[in-house]
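The listed protein sequences derive, respectively, from chains A and B.
Just so you know, we're using the numbering used here here: the first sequence kicks off at 636 and counts up by one.
Just so you know, we're using the numbering used here here: the second sequence kicks off at 636 and counts up by one.
The beta-carbon is built from N, C-alpha and C at its ideal position, and this holds for glycine as well.
For clarity, every value in this text was computed on a predicted model and none was experimentally measured.
Protein chains: 2
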Amino acid sequence: MEQFDVVGLGNAIVDILAYTEESFLDTHALPKGGMTLIDAPRAAELYKAMGAATECSGGSAANTLAGIASLGGKAAFIGKVAQDQMGKIFRHDMNATGVHFTTPPLLGTVSTAQCLVMVTQDGKTKSTERTMATYLGACKHISPIDIDAALIEASKVTYLEGYLWDEQPAKRAIEKAIKVAHGAKKKVAFTLSDAFCVERHRAEFWDMINTKQIDILFSNEREACALGETPDLNIAITKLQGTCDIIVITRSEKGAIILTKDDAVTLPAAPVDQVFDVTGAGDLYAAGFLYGYTHNMPIEKCGMLGSYAASEVIKYLGARPMSKLAPLVSKLSA
Amino acid sequence: MEQFDVVGLGNAIVDILAYTEESFLDTHALPKGGMTLIDAPRAAELYKAMGAATECSGGSAANTLAGIASLGGKAAFIGKVAQDQMGKIFRHDMNATGVHFTTPPLLGTVSTAQCLVMVTQDGKTKSTERTMATYLGACKHISPIDIDAALIEASKVTYLEGYLWDEQPAKRAIEKAIKVAHGAKKKVAFTLSDAFCVERHRAEFWDMINTKQIDILFSNEREACALGETPDLNIAITKLQGTCDIIVITRSEKGAIILTKDDAVTLPAAPVDQVFDVTGAGDLYAAGFLYGYTHNMPIEKCGMLGSYAASEVIKYLGARPMSKLAPLVSKLSA
């Protein structure tokens, strides 16, 4: 079988992005900066209330895989779409970016997952924040049968998103993926996804970490603190260090901290002229890092490439880069 | 009935935008900067070959109506979508922008129209150009029965797009709309849409102009020259002046020329920091101009507002503004 750098397992989602006022989030009881799961009727109601939008393929792990492929890496994705127009868009965008994606679509009337992304802008700093409401639709139906063992065995890293913990069949799919990956002596990477997601599944996440099921953990500051049950990042770091081989904690414009078994590397963020929309920054950081990791770069270079990739996607509205990221790899070597 | 500033009749299209190399246009025999009509199999083939894309509601007249509503005007739209996800997106975006849009959807298996927009960037100047391939789908089925006479009678201006000439039932719908509008002593505005469109329908367009069916004509430099069958804009102007009450000729960064019966007003373009994507510039110019016209502004102010609105939309990828345009009206009065 063809060999891959990274295979990712995640929710296959089309993002529907619109600018909105902060008051809209209050009216609809959506915690700012977080991801709320919604059912079909609420999705319809919220969409009706939202402003004119732009659609683009999303999904956290899917964005990461698209980023890896854009950097020139060999990437594959496992995820569930429906047989509708949104599903076709998602599949097209993955394939067009060069991501191997062959999970069969869900038959029936359930639609492809949609994430309503409300982008708010701070009047003073002009910085934006995204608040998400996700209708999982077809994603709820991913199950162990969708886990292509040969694909996972052919990939250096299997990348999993925390968001998948919200559904039971998806959890069983993940368990299978981890077992296959580790059985083939491959690495497992995991992203905590969202502080609210950590709140929902903290005990299970710690259990996975403590039983050595995760080799590389991706987290942002808020998620690390949520996992450590502390507002103090240093305390969270103390609790986390040594649990996984590599723990990446991204800190937006403050850069990132990378914890290995017995070291902590602090890296600055790549300079950015203009932040247009931070959607996808964490996903693309993981893309850059994993591209570096699977190409045997030293940890500092992995982090720098992560930062470059993240800084690229925040220039645009949407969670995927609009141009090939491969030049970033050359920039790193220069 | 509620009164409207402008009712527009046009193709109801969802745009699928992707960056591409110029060589892609050659490979697929698409004339750069133009709009090519394609059938369903060719649309599928071209989409497969295109890169990862972003979707947003489009359609020339629809963009103009969305712009008028965004400026604070009362806008209505008549157009045909299918009962699919793309159709729902189009309807949502029109309603969310405040445009009255109640044309019933087409039933059956034909899908909502899609415009594949290939954005090419000049390596030196960084300026972008859009090349379009349109699958008309449900739009082909608009017909006189969709023309709500009461809505047209309730609107100061009925705005029509030249692109509609590509289908016979749509032409009959336009004839009805013009008859109703003029019967109610309202104005008819028309956009030439595209130089290739003018080539296809030159004789009919001249016939409409010469029989006084058009009061306000929108055109860009290339379209005016195509209509005048000359590469010299001055010759085209000589042929056009005096035919319609108002003729607007937009010239991108060179501004615009507005011809009235016995005057020619030359206006500069609004200054723009950065041109990201020119898609929709002409549509939004018409929006600003018609907002001004229906609010009894002098012709120079109509042109300036057109230029402001156009300069706003070219900052983003896509053909509709991402923020409310109403502040531009205040800027004009300041």
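Look at the segment 946 to 962 of chain A: the residues with a C-beta under 7 Å from a C-beta of chain B are Gly953, Arg955, Met957, Ser958.
Among the residues of the segment 691 to 706 of chain A, those with a Cβ less than 8 Å away from any Cβ of chain B are Cys691, Ser692, Ala701, in the order of the chain.
For the segment 717 to 728 of chain A, the set of positions with a beta-carbon nearer than 8 Å to some beta-carbon of chain B reads Asp719, Gln720, Met721, Ile724, His727, Asp728 in chain order. Ala731(B) is classed as buried because its beta carbon has at least 16 other beta carbons within 10 Å across all chains shown.
Here the segment 674 to 690 of chain A makes no contact with the segment 896 to 912 of chain A; the two share fewer than three CB pairs at distances below 8 Å. In the DSSP secondary-structure assignment, Val833(A) is not bridged to any residue. Taking 9 Å as the cut-off, the beta carbon of Ala891(A) is found closer than this to the beta carbon of Gly938(A).
When the alpha-carbon of Arg677(A) is set against those of Phe725(A), Gly772(A), Lys723(A), Ile703(A), the nearest one is in Gly772(A).
By the rule that beta-carbons nearer than 9 Å mark a contact, Tyr926(B) does not touch chain A. In chain order, Ala731 make up the part of chain A whose C-beta sits under 7 Å from the C-beta of Gly686(B). A check of alpha carbon separations from Thr873(A) across Ser887(A), Thr885(A), Lys889(A), Thr895(A) identifies Thr895(A) as the nearest. Secondary structure at Asn855(A): strand, using DSSP grouped into helix, strand and coil.
Straight-line spacing of the CA atoms in Ala945(B) and Gly694(A) works out to 33 Å. If you check the CB distance, Leu960(B) and Ser705(B) come in under 9 Å. Beta-bridge partners assigned by DSSP to Phe825(B): Leu795(B), Leu852(B). Listed along chain B, the residues sitting closer than 7 Å to Tyr654(A) by beta-carbon distance are Met957, Ser958. Counting C-beta atoms within 10 angstroms of its own C-beta, Lys715(A) has 16 or more neighbours from the protein chains shown and is therefore classed as buried. Exclusion of the five residues before and after Leu786(B) leaves Val642, Ala711 as the residues of its chain whose Cβ lies within less than 6 Å of its Cβ. Close to Tyr770(B), with beta-carbon spacing below 9 Å, lies no residue of chain A; the smallest spacing is near 13 Å.
Annotation for Arg726(B): the continuous alpha helix (DSSP H) segment containing it runs 720 to 732. Asn845(A) counts as exposed, since fewer than 16 other C-beta atoms from the protein chains shown sit within 10 angstroms of its C-beta.
Straight-line measurement puts the Cα of Lys791(A) at about 14 Å from the Cα of Phe825(A).
Annotation for Ala808(B): the continuous alpha helix (DSSP H) segment containing it runs 803 to 818. Given a length threshold of 3 residues, each whole run of the beta strand (DSSP E) inside the segment 863 to 917 of chain A is given here in chain order: 881 to 885, 891 to 895, 898 to 902.
The beta-bridge partner set that DSSP reports for Val716(B) is empty. At a cut-off of 9 Å, the C-beta of Lys683(B) has a neighbouring C-beta in chain A. Three or more Cβ pairs closer than 8 Å define a contact, and the segment 796 to 803 of chain A falls short of that threshold against the segment 745 to 764 of chain A. In the three-state scheme derived from DSSP, where H, G and I count as helix and E and B as strand, Tyr770(B) is classed as strand. Around the beta-carbon of Gly915(A), 16 or more other beta-carbon atoms lie within 10 Å, marking it buried. If you look at Glu935(B), you'll find it isn't in any beta strand (DSSP E); it sits in the alpha helix (DSSP H) that goes 934 to 948.
For Thr760(A), there are no neighbours in chain B by C-beta distance under 9 Å, as the nearest C-beta there is about 17 Å away.
With distances taken between CA atoms, Gln803(B) lies nearest to Cys774(B) out of Cys774(B), Glu888(B), Gly818(B). Close CB contacts of His776(B) within its chain, under the 6 Å cut and outside five residues either way in sequence, are with Lys715, Leu741 (chain order). In the three-state scheme derived from DSSP, where H, G and I count as helix and E and B as strand, Ile780(B) is classed as helix.
With a threshold of 9 Å between beta carbons, Thr689(A) makes contact with chain B. A direct Cα-Cα distance of roughly 10 Å separates Ala899(A) from Ile881(A).
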